[in-house]
Amino acid sequence: MSPAYPPFIWHNGAIKPWAEATVHVMAHALHYGSSVFEGIRCYDTPSGPAIFRLTDHMKRLRLSAKVYDIAMPYTVEQLKAASREVIRANGLRNAYLRPIVFRGLGGFGLGADCPTEVAVAAWEWGPYLGAGVLETGIDACVSSWQRPAPNTIPTGAKAGGNYLSGQLIAREARRLGFGEGVALTVDGLLSEGAGENLFLVLDGRLHTPPVRAGILPGITRDTLITLARSDGIEVIECGLPRETLYFADEVFLCGTAAEITPVRAVDGRPVGEGRPGPLTRRLQALFFGLFDGRSEDRWGWLEPA
Numbered sequence: 004m005s006p007a008y009p010p011f012i013w014h015n016g017a018i019k020p021w022a023e024a025t026v027h028v029m030a031h032a033l034h035y036g037s038s039v040f041e042g043i044r045c046y047d048t049p050s051g052p053a054i055f056r057l058t059d060h061m062k063r064l065r066l067s068a069k070v071y072d073i074a075m076p077y078t079v080e081q082l083k084a085a086s087r088e089v090i091r092a093n094g095l096r097n098a099y100l101r102p103i104v105f106r107g108l109g110g111f112g113l114g115a116d117c118p119t120e121v122a123v124a125a126w127e128w129g130p131y132l133g134a135g136v137l138e139t140g141i142d143a144c145v146s147s148w149q150r151p152a153p154n155t156i157p158t159g160a161k162a163g164g165n166y167l168s169g170q171l172i173a174r175e176a177r178r179l180g181f182g183e184g185v186a187l188t189v190d191g192l193l194s195e196g197a198g199e200n201l202f203l204v205l206d207g208r209l210h211t212p213p214v215r216a217g218i219l220p221g222i223t224r225d226t227l228i229t230l231a232r233s234d235g236i237e238v239i240e241c242g243l244p245r246e247t248l249y250f251a252d253e254v255f256l257c258g259t260a261a262e263i264t265p266v267r268a269v270d271g272r273p274v275g276e277g278r279p280g281p282l283t284r285r286l287q288a289l290f291f292g293l294f295d296g297r298s299e300d301r302w303g304w305l306e307p308a
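Read in the working numbering, the sequence shown has 72 at position 69, and its numbers run on one by one without any break.
Rendered as structure tokens:
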């Protein structure tokens with residue numbers, strides 16, 4: 004079944020019909036991966052549609068472009084305005100937003116100077132890893148593909164080219180019958196999922212791999228660390244060997260698209276009792292409570308759409 008595309012998109016400064024937002028086949032980004040992007044969610048809250056951590060996402064977008072020396076023609080405020088504009092143009096209340104910045108048609112070499120193109124799309128998108136997974140969890144596997152070593156490509160930038168690694172991990176997992184793959188670092192420690200950060204619960208404490216483990220320091224990851232600590236849950240960022248996945252009482256993946264997805268088994272071994280555990284459920288309640296009014300937004304994370 005073909006996806007139902009929204010009618011409008013924001014592209015290079017203006018709202019236009021979705022079908023008119025085209026790119027030349029010789030665009031630099033298509034050949035060399037010279038793009039940076041964000042994933043952002045808008046939730047329909049009791050106070051109306053609100054975009055979650057919009058400012059933080061747009062700041063990271065600009066920083067990612069800076070890392071790759073991609074000229075950024077729009078300010079954070081202009082990008083935020085574009086996000087609101089495309090949500091309203093499409094009449095959305097719950098939405099996933101995809102801002103993308105990329106080198107367009109210009110020179111043909113790796114270091115060529117090319118014009119920058121910018122787009123912001125918005126559409127309705129349910130749980131990234133499938134219907135019902137937030138409640139029941141997924142089965143995951145440890146991937147045969149490792150994440151890049153430090154000082155090879157900057158994993159702290161959310162760049163399109165970085166996600167070639169994620170594609171290998173995700174497609175291998177699907178081929179083997181798993182919902183998602185978990186990647187290791189070059190020294191065999193836990194890194195992250197194909198497109199999600201990783202958390203484990205060990206003896207009531209929340210553990211997550213550190214930035215040096217080749218991860219993207221996710222905004223959802225930061226949100227959960229903040230929510231957990233504010234709720235009295237100890238959070239430890241440290242190197243974790245593979246076997247901690249099998250020792251863990253609970254495991255979950257998180258990200259803007261995946262939100263908080265429990266992992267019920269790894270490599271065929273049940274995690275805990277083989278179902279989402281109490282600490283995972285508590286963090287889901289704190290997180291989704293931000294959008295239905297159960298949790299106080301003490302950090303100003305919700306920005307009106």
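Here a beta-carbon is modelled for each residue, glycine too, at the ideal position from N, C-alpha and C.
Helix, strand or coil at residue i according to DSSP, with G and I counted as helix
i, result
"residue 279", "coil"
"residue 199", "coil"
"residue 258", "strand"
"residue 106", "strand"
"residue 37", "coil"
"residue 98", "strand"
"residue 113", "coil"
Residue i - partner residues in DSSP beta bridges
i, result
"residue 51", "48"
"residue 19", "12"
"residue 269", "143, 272"
"residue 307", "53"
"residue 264", "256"
"residue 43", "100"
"residue 192", "244"
Rounded separation between residue i and residue j - CA only
i, j, result
"residue 233", "residue 114", "46 Å"
"residue 298", "residue 290", "8 Å"
"residue 172", "residue 165", "12 Å"
"residue 204", "residue 267", "13 Å"
"residue 283", "residue 89", "33 Å"
"residue 127", "residue 161", "22 Å"
"residue 4", "residue 72", "At residue 4, the pLDDT of 48 sits below 50, so the modelled position is not reliable; the number obtained from the coordinates is stated separately. Rounded to the nearest angstrom, the two C-alpha atoms are 39 Å apart."
"residue 212", "residue 150", "13 Å"
"residue 192", "residue 247", "10 Å"
"residue 274", "residue 135", "18 Å"
"residue 223", "residue 142", "21 Å"
"residue 76", "residue 13", "14 Å"
"residue 288", "residue 29", "46 Å"
"residue 178", "residue 286", "30 Å"
"residue 32", "residue 41", "16 Å"
"residue 304", "residue 100", "16 Å"
"residue 207", "residue 43", "30 Å"
Sequence-distant residues of its chain with Cβ nearer than 8 Å to residue i (five each side left out)
i, result
"residue 79", "58, 61, 62, 65"
Cutoff 7 Å; reference residue i; Cβ partners in own chain excluding five residues on either side
i, result
"residue 148", "168, 171, 172, 175, 186"
"residue 96", "47, 52"
"residue 68", "39, 75, 104"
Residues near residue i by beta carbon distance below 6 Å, same chain, minus five either side
i, result
"residue 293", "300"
"residue 279", "140, 265"
"residue 238", "209, 228, 231, 232"
Exercise. Taking only runs of the beta strand (DSSP E) that begin and end inside the segment 205-255, which ones reach a length of at least 3 residues, in chain order?
Worked result: 208-211, 238-240
For this session: Quick one: which unbroken beta strand (DSSP E) runs of 3-plus residues sit fully inside the segment 117-186? Chain order, please.
Result: 119-126, 141-149
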